[in-house]
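Everything below concerns the one structure shown next.
Number of protein chains: 2
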Amino acid sequence: MSVVYRDIPKEGLSRNEFEEELHKIGEERYHDKHPFHHMLHGGKCNKGQVQAWVLNRYCYQSAIPRKDANILAKTTDRELRREWRHRIEDHDGSETAPGGIERWMVLAEGVGLDRDYVMSTRGALPATRFACEAYVNFTRNMPLLDAIASSLTELFAPKIHKERIAGLLGNYDFANEQTLSYFKKRLDQAPRDVKFGLEYVLREADNGEKQRRVMDAVFFKTDMLWAQLDALYFAYVEPGFVPPGAFVPDDRK
Amino acid sequence: MSVVYRDIPKEGLSRNEFEEELHKIGEERYHDKHPFHHMLHGGKCNKGQVQAWVLNRYCYQSAIPRKDANILAKTTDRELRREWRHRIEDHDGSETAPGGIERWMVLAEGVGLDRDYVMSTRGALPATRFACEAYVNFTRNMPLLDAIASSLTELFAPKIHKERIAGLLGNYDFANEQTLSYFKKRLDQAPRDVKFGLEYVLREADNGEKQRRVMDAVFFKTDMLWAQLDALYFAYVEPGFVPPGAFVPDDRK
Numbered sequence: 000m001s002v003v004y005r006d007i008p009k010e011g012l013s014r015n016e017f018e019e020e021l022h023k024i025g026e027e028r029y030h031d032k033h034p035f036h037h038m039l040h041g042g043k044c045n046k047g048q049v050q051a052w053v054l055n056r057y058c059y060q061s062a063i064p065r066k067d068a069n070i071l072a073k074t075t076d077r078e079l080r081r082e083w084r085h086r087i088e089d090h091d092g093s094e095t096a097p098g099g100i101e102r103w104m105v106l107a108e109g110v111g112l113d114r115d116y117v118m119s120t121r122g123a124l125p126a127t128r129f130a131c132e133a134y135v136n137f138t139r140n141m142p143l144l145d146a147i148a149s150s151l152t153e154l155f156a157p158k159i160h161k162e163r164i165a166g167l168l169g170n171y172d173f174a175n176e177q178t179l180s181y182f183k184k185r186l187d188q189a190p191r192d193v194k195f196g197l198e199y200v201l202r203e204a205d206n207g208e209k210q211r212r213v214m215d216a217v218f219f220k221t222d223m224l225w226a227q228l229d230a231l232y233f234a235y236v237e238p239g240f241v242p243p244g245a246f247v248p249d250d251r252k
Numbered sequence: 000m001s002v003v004y005r006d007i008p009k010e011g012l013s014r015n016e017f018e019e020e021l022h023k024i025g026e027e028r029y030h031d032k033h034p035f036h037h038m039l040h041g042g043k044c045n046k047g048q049v050q051a052w053v054l055n056r057y058c059y060q061s062a063i064p065r066k067d068a069n070i071l072a073k074t075t076d077r078e079l080r081r082e083w084r085h086r087i088e089d090h091d092g093s094e095t096a097p098g099g100i101e102r103w104m105v106l107a108e109g110v111g112l113d114r115d116y117v118m119s120t121r122g123a124l125p126a127t128r129f130a131c132e133a134y135v136n137f138t139r140n141m142p143l144l145d146a147i148a149s150s151l152t153e154l155f156a157p158k159i160h161k162e163r164i165a166g167l168l169g170n171y172d173f174a175n176e177q178t179l180s181y182f183k184k185r186l187d188q189a190p191r192d193v194k195f196g197l198e199y200v201l202r203e204a205d206n207g208e209k210q211r212r213v214m215d216a217v218f219f220k221t222d223m224l225w226a227q228l229d230a231l232y233f234a235y236v237e238p239g240f241v242p243p244g245a246f247v248p249d250d251r252k
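Written out as C-alpha cells, the structure is:
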C-alpha cells in the first residue's frame, strides 16, 4: 500500500503534515516519472514523437481556461474570482499580451506543425481528449474546494518546466528562446498561482473528510496527466498503434 | 482520406446511402478491429489480461444505464421514453431478473476477481474511466439526435458478441454458459434496440447537417470503445506499463 494512501484522522492532519502528504502524491505520481518524459527530456524523441506530444498537449492547454472559468462560475466570492481570473488571461492573452495558448502555437509551428490542424484537435488521440475533458468536467461538477485542489499539481510543475527547458534546449534543433517561451513564462506564473491555491486549500480543508477530498482531487489530476503520456507512448513509441484518424508522423506514412 | 469522410450534400444522402455510410464506420473503426480483441478471441490472453479486460470493461457496463437515463431525461416524448426505458432495466435488472451488470459480475467472479473490488472501479485504468465518462457526458450535453445516434455501434455488436462467445468458449477454462450469459443475452437484446435506434436516426436526420452530426456521434463512440482497448493493450500487453494505482495481475506482482 502506497505511502500516499495513509488514513486521515477524522479531525484532519496538521497543516504541515497535510502539506507534506500533498507533496508525496507528486513524488509518487506526477507525470515527470513517466517514461515518455524521460525520453522527451533526454533527447530520445524523434521529430514525429515531439510533434505528437505538442499536438496532443494542445488539448490540455486549451482546456485550462475552460476549467478556470468553471472555477470562477462556482463562487460568489468576488475576491476569489478576481484573484483567479488572471489565470484565464494568462492563457488566452489580451490585446497587449499573446498568452500561453499563443505561445504554445509558436512551439507547434516551431516543430513543423500546421497551426489550424493543431487547433482543430482533429489529429489528437481520443484518449487525450477524454482525459482533458474529464478535467473540465471535474471542475464543473465538483465543489469549489475539490475544483481548486485539482490545480495543485502546479506544486510539482516548476521542477518539470526547468528540466524541460534544459532537456529540450540541449537536445533538439527546434528548441530556442522563442519556441520554449511557454515554459519560461510558466516559471514566473506558476509559483504565484500555486501559492494562492495551496494557501486556500490548507485553510479550507479543515477536517479529515475535506483533506481526503483534496487528496483525491490531486490523485485525479495526476491520473489525467499520466493518462495523456500513456496514450502518447502507446501510439507513438511502443507498440506504436495509432488509433484510426489520429495524427500519423511523416516517417510512418 | 478515408471513405467514411465523404462529403455529405446539404440536402442529405438518401436513406439507403446514409445507412450504408453508417455501416462503413463500423467496418473501419469498430473495436473488433483492435489487436486486443484478436488476442482475446484467439485465446492469446493470459489470466491477468482477461481479468484486466473484465475489470475495465465493468466501467463501460456501469456507464450504460447512466447514459440511457440521460437520453430519457432529454425528451418530452413519452412514447420514446417508454421504448428507451427497457434498456435501463436490461442492465440494472429488477426484482425478478438479474440484469446485464449482474451478469457481468458473474463473469468477473468467474475469472477470479473480487466483486467489490471490481465494482469500486479502484483498479480500473484512468483512461478507461475518462472514456466511459466521456460517453455519459456526451449523452448529457448533446442534443437528443446525437445522443441516440451514439448508441448505433449496436449495429456492429451482434457479430462481435458471436465471435466472442465462440472465441472465449473455445479457448479459456473460465468460459461457460453461465460466465458468458451477458453476451448470450445481448444477442437477443441488441437487435431490438438497434432496430429502434436506427429507425429513429434514419427518420430524424433528414438533411446533411443532421446526418453529419449522426456520423460524428458514431465516430465519437467508436473512438471511446477503441481508446479502452488501447489503454488495456498499453498497460497489460505491450509495453506493459501499469499506471500508478491500477490493477496489477498476480503474475506481475
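These protein sequence lines are chains A and B, in that order.
Numbering-wise (numbering that gives the first Met the number 0), the first sequence opens with residue 0 and increments by one.
Numbering-wise (numbering that gives the first Met the number 0), the second sequence opens with residue 0 and increments by one.
Beta carbons: idealized from backbone N, C-alpha and C, even for Gly.
- [ ] Kindly confirm or deny that the region 39-54 of chain A and the region 101-113 of chain A touch, where touching means at least three C-beta pairs closer than 8 Å.
- [x] Short answer: they touch.
Task: Whole alpha helix (DSSP H) elements within the region 72-130 of chain A, 4-residue minimum - done: The region 72-130 of chain A contains, as complete alpha helix (DSSP H) runs of 4+ residues, the segments 77-91, 99-109, 114-119 (chain order).
Task: Anticipated Cβ contact below 8 Å, Asp250/A with Gly42/A, distance rounded - done: Walking along the first sequence from the start, residue 250/A turns up at place 251. Walking along the first sequence from the start, residue 42/A turns up at place 43. In this structure Asp250/A is not in contact with Gly42/A, their Cβ atoms being roughly 17 Å apart against a cut-off of 8 Å.
Task: Within-8 Å CB hit, Pro34/A to chain B - done: Here residue 34/A is taken as the residue at index 35 of the first sequence, counted from 1. At least one chain B Cβ lies under 8 Å of Pro34/A.
TODO: Can you give me the Cβ contacts of Phe17/A inside the same chain, cut-off strictly under 6 Å, excluding the 5 residues immediately before and after it?
DONE: Along the first sequence, read from residue 1 onward, the residue named residue 17/A stands at position 18. Hits under 6 Å: Gln210.
Task: Beta-carbon contacts of Arg153/A that lie in its chain and below 8 Å, excluding the five residues immediately before and after - done: Position 154 of the first sequence, counted from the start, is the residue given in the question as residue 153/A. One point to set straight first is that residue 153/A is Glu, not Arg, in the sequence displayed. Taken in chain order, the residues that qualify are Ala189, Asp192, Val193, Gly196.
Task: Limits of the alpha helix (DSSP H) - the one that His37/A falls within - done: Counting from 1 along the first sequence, the entry for residue 37/A is found at position 38. Looking at the DSSP string, the run of the alpha helix (DSSP H) that includes His37/A is 34-40.
Open item on the list: Checking 8 Å against the spacing of the C-beta atoms, do Glu27/B and Pro243/A come in under that value?
Closed with: Here residue 27/B refers to the residue found at position 28 of the second sequence. Here residue 243/A refers to the residue found at position 244 of the first sequence. Yes, Cβ-Cβ distance for Glu27/B and Pro243/A is below 8 Å.
Task: 8 Å Cβ cutoff, Asp229/B in contact with chain A - done: The residue given as residue 229/B occupies position 230 in the second sequence. Interface flag for Asp229/B against chain A is set, since a Cβ pair is found closer than 8 Å.
Task: Burial state of Ala165/B (16 or more Cβ within 10 Å) - done: Here residue 165/B refers to the residue found at position 166 when the second sequence is read from its first residue. Exposed, because fewer than 16 other Cβ atoms sit within 10 Å of the Cβ of Ala165/B.
Task: Per-residue DSSP class, three states only, for Gln50/A - done: In the first sequence, residue 50/A corresponds to position 51, counting from 1. Of the three classes helix, strand and coil, the one that applies to Gln50/A here is helix, per DSSP.
TODO: Using a Cβ cut-off of 8 Å (strictly closer), state whether Glu26/B contacts chain A.
DONE: Within the second sequence, the letter at position 27 stands for residue 26/B. Chain A, which has no Cβ nearer than 8 Å to the Cβ of Glu26/B, makes this no.
Open item on the list: I'd like to know whether the C-beta of Phe240/A is nearer than 8 Å to at least one C-beta of chain B.
Closed with: Numbered from its first residue, the first sequence carries residue 240/A at position 241. The C-beta of Phe240/A comes closer than 8 Å to at least one C-beta of chain B.
- [ ] Using beta-carbon positions only, say whether Pro238/A and Met223/B come within less than 8 Å of one another.
- [x] Looking up residue 238/A in the first sequence gives position 239. Looking up residue 223/B in the second sequence gives position 224. In this structure, Met223/B does not lie closer than 8 Å to Pro238/A by Cβ.
TODO: Taking only beta-carbon positions, decide if Trp52/B is within less than 8 Å of chain A.
DONE: Taking the first residue of the second sequence as 1, we reach residue 52/B at position 53. Output row for Trp52/B: interface = no.
Task: Contact under 8 Å by Cβ, Phe246/B with Gly122/B - done: Here residue 246/B refers to the residue found at position 247 when the second sequence is read from its first residue. Here residue 122/B refers to the residue found at position 123 when the second sequence is read from its first residue. Contact: yes.
- [ ] Report back the beta-carbon spacing between Ala146/A and Ile70/A to the nearest angstrom; my notes put them in contact at under 8 Å.
- [x] Here the question's residue 146/A lines up with position 147 in the first sequence. Here the question's residue 70/A lines up with position 71 in the first sequence. At roughly 5 Å, the Cβ-Cβ gap stays under 8 Å, so Ala146/A and Ile70/A are in contact.
- [ ] Using a Cβ-Cβ cut-off of 8 Å, state whether Pro125/B counts as contacting chain A.
- [x] In the second sequence, residue 125/B corresponds to position 126, counting from 1. Taking Cβ atoms only, chain A reaches closer than 8 Å to Pro125/B, which makes this a yes.
TODO: Please determine, among Glu162/B, Asp187/B, Ser150/B, Ala226/B, the residue with the shortest C-alpha to C-alpha distance to Val200/B.
DONE: For the purposes of this step, residue 200/B is taken as the residue at position 201 of the second sequence. Residue Ser150/B is the option with its Cα nearest to Val200/B.
TODO: Please report the Cβ distance between Val117/A and Lys66/A, rounded to the nearest whole angstrom; I am assuming they are in contact, meaning their Cβ atoms lie under 8 Å.
DONE: Translated into positions along the first sequence, residue 117/A becomes position 118. Translated into positions along the first sequence, residue 66/A becomes position 67. So it is not a contact: roughly 20 Å between Cβ atoms.
TODO: Pair every Cβ in the region 74-92 of chain B with every Cβ in the region 58-65 of chain B, then say whether three or more of these pairs are closer than 8 Å.
DONE: A contact exists between the region 74-92 of chain B and the region 58-65 of chain B.
TODO: State the DSSP-derived secondary structure class of Met214/A, mapped to helix, strand or coil.
DONE: Translated into the one-based positions of the first sequence, residue 214/A becomes position 215. Reduced to three states, the DSSP call for Met214/A is helix.
Task: C-beta neighbour in chain A for Ala146/B, strict 8 Å - done: On the second sequence, residue 146/B is found 147 positions in, with the first residue counted as 1. With 8 Å as the cut-off, Ala146/B does not count as an interface residue toward chain A.
Open item on the list: Once DSSP output is grouped into helix, strand and coil, what is the label at Lys43/A?
Closed with: Taking the first residue of the first sequence as position 1, residue 43/A is located at position 44. If DSSP states are grouped into helix, strand and coil, Lys43/A belongs with coil.
Open item on the list: Just to confirm the assignment: which complete beta strand (DSSP E) runs, minimum length 3, are found wholly within the region 145-179 of chain B?
Closed with: Secondary structure remark: continuous beta strand (DSSP E) runs of at least 3 residues inside the region 145-179 of chain B: none found.
Open item on the list: I need the DSSP call for Glu20/A, collapsed to helix, strand or coil.
Closed with: By one-based count along the first sequence, residue 20/A stands at place 21. Residue state, collapsed to three classes: helix.
Open item on the list: Measuring only the C-alpha atoms, how far is Ala96/B from Tyr59/B?
Closed with: As a working note, residue 96/B is residue 97 in the second sequence. As a working note, residue 59/B is residue 60 in the second sequence. Straight-line Cα distance between these residues: approximately 20 Å.
Open item on the list: Lys9/A and Gly207/A - do their beta-carbons sit closer together than 8 Å?
Closed with: As a first step, residue 207/A is located in the first sequence; it is residue number 208 there, counting from the start. As a first step, residue 9/A is located in the first sequence; it is residue number 10 there, counting from the start. Judged by their CB atoms, Gly207/A and Lys9/A are nearer to each other than the 8 Å cut-off.
TODO: Check Glu259/A in the structure and name its three-state DSSP category.
DONE: The first residue shown for chain A is 0 and the last is 252, placing residue 259/A beyond what the model contains.
TODO: Can you tell me which of Ile7/A, His30/A, Asp6/A puts its alpha carbon nearest to the alpha carbon of Ile288/A?
DONE: As shown, chain A starts at 0 and ends at 252. That puts residue 288/A outside it, with no answer to give.
Open item on the list: Checking 8 Å against the spacing of the C-beta atoms, do His36/B and Leu228/B come in under that value?
Closed with: Here residue 36/B corresponds to residue number 37 of the second sequence, with the count starting at 1. Here residue 228/B corresponds to residue number 229 of the second sequence, with the count starting at 1. A contact, by the Cβ cut-off of 8 Å.
Task: C-alpha distance - Asn289/B paired with Arg163/B, whole-angstrom precision - done: The requested residue 289/B does not occur in the structure, where chain B is confined to residues 0 to 252.
Task: Same chain, Cβ closer than 6 Å to Asp91/A, neighbours up to 5 away in sequence not counted - done: Locating residue 91/A in the first sequence gives position 92, counting from the first residue. Excluding sequence neighbours, Asp91/A sits near Pro64, Gly98.
TODO: Have a look at Gln177/B and Ala204/B and give me their C-alpha separation to the nearest angstrom.
DONE: As a working mapping, residue 177/B is identified with position 178 in the second sequence. As a working mapping, residue 204/B is identified with position 205 in the second sequence. C-alpha separation (whole angstroms): 40 Å.
TODO: Give the single residue among Val213/B, Arg185/B, Phe233/B whose Cα lies nearest to the Cα of Trp103/B.
DONE: Counted from its first residue, the second sequence places residue 103/B at position 104. Nearest of Val213/B, Arg185/B, Phe233/B to Trp103/B, Cα basis: Arg185/B.
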